[in-house]
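Below you'll find the structure, written out as structure tokens, and then a few comments.
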Amino acid sequence: MKLYNYFRSSASFRVRIALQLKGLSYDYVPVHIARGDHKKEAYSAVSADMLVPMLETDDGERLSQSMAIIEYLDETHPAPPLLPGDALGRARVRALAQSIACEIHPLNNLRVLKYLVRELKVDEEAKNTWYRHWCREGLEAFERQLNQQPASTYCYGEAPTLADCCLVPQIFNATRFNVNFDGLPRTMAAYEACMALKAFQKAQPSACPDNEA
Numbered sequence: 013m014k015l016y017n018y019f020r021s022s023a024s025f026r027v028r029i030a031l032q033l034k035g036l037s038y039d040y041v042p043v044h045i046a047r048g049d050h051k052k053e054a055y056s057a058v059s060a061d062m063l064v065p066m067l068e069t070d071d072g073e074r075l076s077q078s079m080a081i082i083e084y085l086d087e088t089h090p091a092p093p094l095l096p097g098d099a100l101g102r103a104r105v106r107a108l109a110q111s112i113a114c115e116i117h118p119l120n121n122l123r124v125l126k127y128l129v130r131e132l133k134v135d136e137e138a139k140n141t142w143y144r145h146w147c148r149e150g151l152e153a154f155e156r157q158l159n160q161q162p163a164s165t166y167c168y169g170e171a172p173t174l175a176d177c178c179l180v181p182q183i184f185n186a187t188r189f190n191v192n193f194d195g196l197p198r199t200m201a202a203y204e205a206c207m208a209l210k211a212f213q214k215a216q217p218s219a220c221p222d223n224e225a
């Protein structure tokens, strides 16, 4: 398999975590989205939406969108599972994952932040304030969801799931923007539990070949 991704992309990070958890090998293909390489003809010929991540499977099929990619990996390589075996559990995990992937991330991804600065002429501090506001609000909602569930080591249960694949990259990026994590005990406990695992450590940005200090 080939994974087209960018070391700092949280969506790419999600897929790298899933691949590591499942022990799947892949070729790492860097696409420098901060420099705009994803918009060049060479990449547009590979990825229809010109976004990362994009997974090329063993048989040459190409898949976009991190959540779809992870669920594909979970269906084709079911051990260890990233979704619970029961319908209710799967719905709970997907809700947690989508709280990040569909509520927090779209407001704060790179192209939105660039638009704020380049088109709307927002200054750097105002841009960062925007990021911190929406990220913090989303994480508070995430914490409330966790508090409605039984105690667990990870976001849901005693093994990492799709929800953890989404949480860890979001916390990484939020740290870069100095988001306040106070009052989020279950969220941060799940994050710390994940980061104690080698799969999450190996998938983090600093471990990527295209990492920049």
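Numbering (this note's numbering), first residue to last: 13 to 225.
Every residue, glycine too, gets a C-beta built ideally from N, C-alpha and C.
Predicted, not measured: the structure shown is a model, and the values here were computed from it.
{"Item": "Indicate the three-state DSSP secondary structure (helix, strand or coil) for V41 in the structure shown.", "Value": "strand"}
{"Item": "Roughly how many whole angstroms lie between the Cα atoms of A201 and K210?", "Value": "17 Å"}
{"Item": "Roughly how many angstroms lie between the CA atoms of A205 and T165, to the nearest whole one?", "Value": "7 Å"}
{"Item": "On the criterion of 16 or more Cβ atoms from any shown chain inside 10 Å, does V180 qualify as buried, or is it exposed?", "Value": "buried"}
{"Item": "Identify the continuous beta strand (DSSP E) that holds E68 and give its terminal residues.", "Value": "M66 to E68"}
{"Item": "Given a threshold of 16 other Cβ atoms within 10 Å of its Cβ, counted over all protein chains shown, does Q161 qualify as buried or as exposed?", "Value": "exposed"}
{"Item": "Let me know if T173 comes out buried or exposed under the rule of 16 or more other beta-carbons within 10 Å of its beta-carbon.", "Value": "buried"}
{"Item": "Determine the DSSP secondary structure at Y166, reduced to helix, strand or coil.", "Value": "coil"}
{"Item": "Could you tell me whether the Cβ atoms of C220 and I112 are closer together than 7 Å?", "Value": "no"}
{"Item": "If I follow the unbroken alpha helix (DSSP H) through K126, where does it start and stop?", "Value": "L122 to R130"}
{"Item": "Compute the Euclidean distance between the alpha carbons of V43 and F25, then round it to the nearest angstrom.", "Value": "13 Å"}
{"Item": "Compute the Euclidean distance between the alpha carbons of L151 and T199, then round it to the nearest angstrom.", "Value": "8 Å"}
{"Item": "In three-state terms, what does DSSP make of N223?", "Value": "coil"}
{"Item": "Just curious, the beta strand (DSSP E) that L63 is in, first and last residue?", "Value": "Neither: L63 is in no beta strand (DSSP E) and is coded neither H nor E."}
{"Item": "How would you label M66, buried or exposed, when you count the other beta carbons within 10 angstroms and need 16 or more for buried?", "Value": "buried"}
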